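So the sequences go chain by chain: A and B. Count along the first sequence from 1, then add 8; that gives the number in the working numbering. Residue 140 in the working numbering is what sits at position 153 of the second sequence, and the numbering runs on without skipping anything. Notes follow once the structure below has been shown.
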Amino acid sequence: MNPLGIHVQEHRLKNGLVVLLLESHDAPVVCVSVWYRVGSRHDPPGKSGIAHLLEHMLFKGTPRHPRGAYDQILHRLGAAANASTGFDRTNYYVLLGSDRYAIALDLEADRMRNALLAPEDFTDELRVVVNELAQADDDPASALHDQVQRAAFPNHPYGHPVIGWRDEVAAITPDDLRAFYDRHYQPGNAFLVVAGDFRPDQMLADIEETFGALAPGAPPAEAVAPQAPQTSERRVDVRRAGEHELLLIGFRAPSRSDPASHVHDVLAQILGRGRTSRLYRALVESGLAVQASAANQAIGRDPFLFMIEIELARGADAARIEAILEREIETLQRGEFRDEELARARKRARAGFVLRGDRVSARAFLAGECEAVAGWRFLDEYLERINAVTPEVLSEAAGRTLVRAGRTWGHFQPRNNGHDAGESTQPPVGHPAEQEG
Amino acid sequence: MSECKRDEPSRAAPIAERVQEMQLANGARIFLLEDHTHPATDLLGLFSGGLSLEAPGESGLADLTLGLLDRGTRQRSERQLSEALESNGAELDYRLMREAAVVHARCLSEDLSLVLEIVGETLCAASFPEDQIRLVKEQALVGLHEIAYDTYEQASRRATAMLLGAEHPYAREPLGRAEVVTKLTRSDLVSYRDRALRGSRLLFALVGDFDPQVARGELERHLGALPGEEEPCEVPPDPAIQSPTSAKGWRREHVPIADKGQVDLVFVGPGIPRTRPGFEAYGMANFLLGGSFVSRLNQSLRDEAGLTYGAHSAIVSGLAPGYWFASLSVDPADVEAAVARVRDVLHRFVDEGVTEQELEEAKAHLTGTFPLQLETARAVAAIFLDGVRFGRGRDYIDRYRERVAALTRKQVTAAGRELIDPERIVLASAGSLVT
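Shown next as structure tokens:
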């Protein structure tokens, strides 16, 4: 039993599809959620954004459900449906009344192998994605995030945004998309999470009838080489029109499957979550920043970043903030933790599961995310692990992760603020000058 | 002082039968809805008035006051409040709406007593310490600077100001104006709190896992300290709408913002008050036009033309009519093509009316998704309180699907024609236009 209070049943179909069932009867609702073990890490070189573009194209129909049918059918059924692409997984979900879940199973099984991917739809959708990309790029925080990621992962696909770089997205062809789909969208490279109000035996029979009929296929071989460890600090400056400064600092941190990953969740909480956190007290309360937060972004199968985000108060000095941040990190490394900080982290972790887990879709999503990066059993053990965290392991993790050599320091500075426009004072190591400005 | 009007039946019974109501001496109306499915409880309070209670020249006062309620009380410092809440994983937030000030809290059931005590304390006894005023002001000022570079926010503000006048409560920026926020004092905040947070203005809902006998006593103790009625608490009269009702043609303005890859377009027209009998027909008309992924606007602008990541529309109103808007974000080179398409969609929507098929599909969708919306205690509380606030009755949730199912093509077409006048639309854009 996991902290959501839900027992997970795991099954495997003959064609290789893994099925996770989370049965509950508190609301007459079912969430059917298909997860493919493919994401932006699999984008071929020069074609960043292909996994995300394919996700859009999966809504463009199959021979049995032509263009528009998927949306229309689910619309009429009163279903909520959407999809998302991450580093290592692509997720499609349908949330609907429990008396009609069979239709969602049928639609999802159909598009697992039979997507049309018509060239004329491709042209329209490419334009939609380019608009989505431009919208995200207009946001300074999002643009800074992309550049920090790029500098932190120069030789790994986590270095490009999931949505892709604009010129590379524009270079994707319908043939590229078809080849990518054929390679990655198959039962052996996917898992199905169904949560909510159903009878497991009936649900399994319905899944067998739909997904079970699909031909098996071997999961594609993994081709991503790990990113070499970071040995020196990298700095990224982004400058454009805007009104206030932002700092985004990423430290290379362990992946979810690393035994120390959860320790970094507690570190992030103590350092930068809420008004009781150390960064709030040191930076916001002192008037240097208006927001300061930390998060352990263990969101991929490979190591990613422990992130600190700081929104500067007007006129605040970034160098002073850097000195204070380093001082705060040193206290973590020295093992200076208060009992109440650990107690708070434990209670918040427990409360978080209860307060977030009241929705069937949230349970399906949480189980799916865990399965995609570390296996769903990670969820069962999570609270126990958090409860066992000690000041010693926190200090050890801070000493290993929150170090200058492993960090990428991103700084958004508004133009017309006493700085030259469009020049990066310290381009990221191993990269051409940034395209900002 | 509390008056229990109903006993609690089983969860399968209609919500109107499961709700218990009590009224405090200060006029606060409190609704209790037990649901023991999850060991958690949501508290939601709506004080009528909100932003509309700001006097001329006070722009930003309401938001600043709400932002300071949990920054220190007569009993606890800001630090003590934060520690009490965060140490229990509880959430507490305040939000300003055009016609209401909202308090929402969520916690494990085991912490409900403490959270109720803190909610009452922050509403009744906030101390507004000067150091916290400085801090929250700075956050508001940075927020205002951010908004100055946000293409959607700028287009939306300009369009609503063109329609309603810049000082209208539905057009003002909730964060206020920098020059006003800078000058607001502690006594301004106390004055707004005293006029806005009164028991006579409060509708409050407690939904989730609690013992009603215990909760009633605690609610009375913690919310009973709010002052009662002092002045009539109706929403101020709606200022004359400066919509182009007399002149045909579109009014259009642009807000230039440098270095933006997309231009935001916001189209507005007068709205419909939510107290209007048969409001569901207006809601349905908007839903068909721009309220879903398969709506006419999104189908035309995204699916057919690929001009945008998404186009949608909504009615923003309450007791006052507010406004209707449609919005989308496009490449600067596509602005005119997008405007022409929106114009065409609006004309066809009004000229041809809605079809039987799209109406039936929308009814199936809305009645089908309604139970999905009720999955969380917060949503149940919010929809229930809106039902009471807008005079739709305590059985609004129970009867919603039947009201939607009863809508006819004639009703929805007529509502659409009243809501949208395609010849008299106000359009504002913001971003970097192609020159």
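We put the CB at the ideal spot given by N, CA and C, even for glycine. Quick caveat: nothing in here was measured; it's all calculated off a predicted structure.
Next item on the list: Consider the Cβ of R93 of chain B: report whether some Cβ of chain A lies at a distance smaller than 7 angstroms.
Entry: yes
Margin query: Could you tell me which whole beta strand (DSSP E) segments of length 3 or greater appear in the segment 59 to 144 of chain A?
Written below: 88 to 93, 98 to 105
Check: What are the boundary residues of the alpha helix (DSSP H) that includes V123 of chain B?
Finding: From DSSP, the alpha helix (DSSP H) with V123 of chain B extends over 117 to 135.
Notebook entry, point to check: What three-state label does DSSP hand L361 of chain B in the structure shown?
Noted result: coil
Item checked: Per-residue contacts from V298 of chain A into chain B (C-beta, under 7 angstroms) -> E125, Q126, V129
Note to self: By the DSSP assignment, the beta strand (DSSP E) with F34 of chain B in it spans what residues?
What the structure shows: 27 to 35
Next item on the list: Check each candidate in A:T416, A:V246, A:P36, A:D154 and name the one with the smallest Cα separation from I257 of chain A.
Entry: Comparing Cα positions, the closest option is A:T416.
Item checked: Contacts that V37 of chain A makes with chain B (C-beta to C-beta distance below 7 angstroms) -> What V37 of chain A touches in chain B: P358, L359, E362.
Check: Is DSSP giving V177 of chain B helix, strand or coil here?
Finding: helix
Next item on the list: Please classify F386 of chain A: does DSSP put it in a helix, a strand, or coil?
Entry: Three-state result, F386 of chain A: helix.
Notebook entry, point to check: Under a three-way DSSP split, which group does N304 of chain A fall into?
Noted result: strand
Notebook entry, point to check: Taking just the CA atoms, how far does R365 of chain B sit from V332 of chain B?
Noted result: Answer to the nearest angstrom: the Cα atoms are 36 angstroms apart.
Check: Taking the Cβ atom as the reference point for each residue, do V253 of chain B and F312 of chain B lie within a distance shorter than 7 angstroms?
Finding: yes
Check: What's the gap between the Cα of V37 of chain A and the Cα of A110 of chain A?
Finding: Their backbone Cα atoms lie some 12 angstroms apart in a straight line.
Notebook entry, point to check: For Q17 of chain A, which three-state DSSP category applies?
Noted result: strand
Next item on the list: Using a Cβ cut-off of 9 angstroms, pull out every chain A residue sitting near Q249 of chain B, in sequence order please.
Entry: N139, A142, Q143, D145, D146
Margin query: Short of 6 angstroms in beta carbon distance, which residues of its chain neighbour V194 of chain B, apart from the five on each side in sequence? Order them along the chain.
Written below: L20, D29, A364, V367, A368
Note to self: Quick check: what's the CA-CA separation for F314 of chain A versus I278 of chain A?
What the structure shows: 13 angstroms
Check: Quick one: what does DSSP say E219 of chain A is sitting in, helix, strand or coil?
Finding: In the sequence on display, residue 219 of chain A carries Phe and not Glu. If DSSP states are grouped into helix, strand and coil, F219 of chain A belongs with the helices.
Check: Going along chain A in order, which residues have a C-beta closer than 9 angstroms to the C-beta of N75 of chain B?
Finding: R352, K355, R356, A359
Next item on the list: Give a yes or no on whether 7 angstroms exceeds the smallest Cβ distance from L30 of chain A to chain B.
Entry: no
Next item on the list: Name, going along the chain, the residues of the segment 240 to 253 of chain A whose beta-carbon falls closer than 8 angstroms to a beta-carbon of chain B.
Entry: For the segment 240 to 253 of chain A, which is checked against every Cβ of chain B, the residues closer than 8 angstroms are R248, A249, G250, E251, H252.
Margin query: For chain A, check one thing: does any of its Cβ atoms lie closer than 7 angstroms to the Cβ of V281 of chain B?
Written below: yes
Margin query: Tell me which residues share the same chain as W384 of chain A and place their Cβ nearer than 7 angstroms to its Cβ, disregarding the 5 neighbours each side in the sequence.
Written below: Around W384 of chain A: V16, L28, A375, C378.
Next item on the list: Could I get the ranges of all uninterrupted alpha helix (DSSP H) runs contained in the segment 368 to 406 of chain B, with 4 residues as the minimum, in chain order?
Entry: Runs found: 383 to 392, 396 to 406.
Checklist line | Counted within 10 angstroms of its Cβ, other Cβ atoms place V40 of chain A as buried (16 or more) or exposed | finding: buried
Note to self: Only counting the same chain, and skipping five residues up and downstream in sequence, which positions put a Cβ closer than 6 angstroms to that of Q398 of chain B?
What the structure shows: A268
Check: Just the Cα atoms here: how many angstroms apart are W43 of chain A and V381 of chain A?
Finding: 11 angstroms
Check: S316 of chain B: which of A:V138, A:A91, A:D214, A:D129 sits nearest, CA to CA?
Finding: A:V138
Next item on the list: Check the C-beta distance from L359 of chain B over to L363 of chain A and give it rounded, since I have them as a contact under 8 angstroms.
Entry: Going by Cβ atoms, the distance from L359 of chain B to L363 of chain A rounds to 19 angstroms, so no, they are not a contact pair.
Margin query: What residue range does the beta strand (DSSP E) around D251 of chain B cover?
Written below: 250 to 257
Notebook entry, point to check: Closest Cβ-Cβ distance between D175 of chain A and chain B: below 7 angstroms?
Noted result: no
Item checked: Contacts that D318 of chain B makes with chain A (C-beta to C-beta distance below 9 angstroms) -> The contact set of D318 of chain B on chain A, defined by CB atoms closer than 9 angstroms, consists of R135, V138, N139, A142 in chain order.
Next item on the list: Show which residues of chain A have a CB atom less than 7 angstroms away from the CB atom of A368 of chain B.
Entry: Under the 7 angstroms cutoff, chain A gives no residues; its nearest Cβ is about 13 angstroms from A368 of chain B.
Margin query: Check this for me: beta carbons of A88 of chain B and A183 of chain B, under 7 angstroms apart or not?
Written below: yes
Check: Is R45 of chain A helix, strand or coil when you go by DSSP?
Finding: Look at R45 of chain A here: in three-state DSSP terms it is coil, with no helix or strand label.
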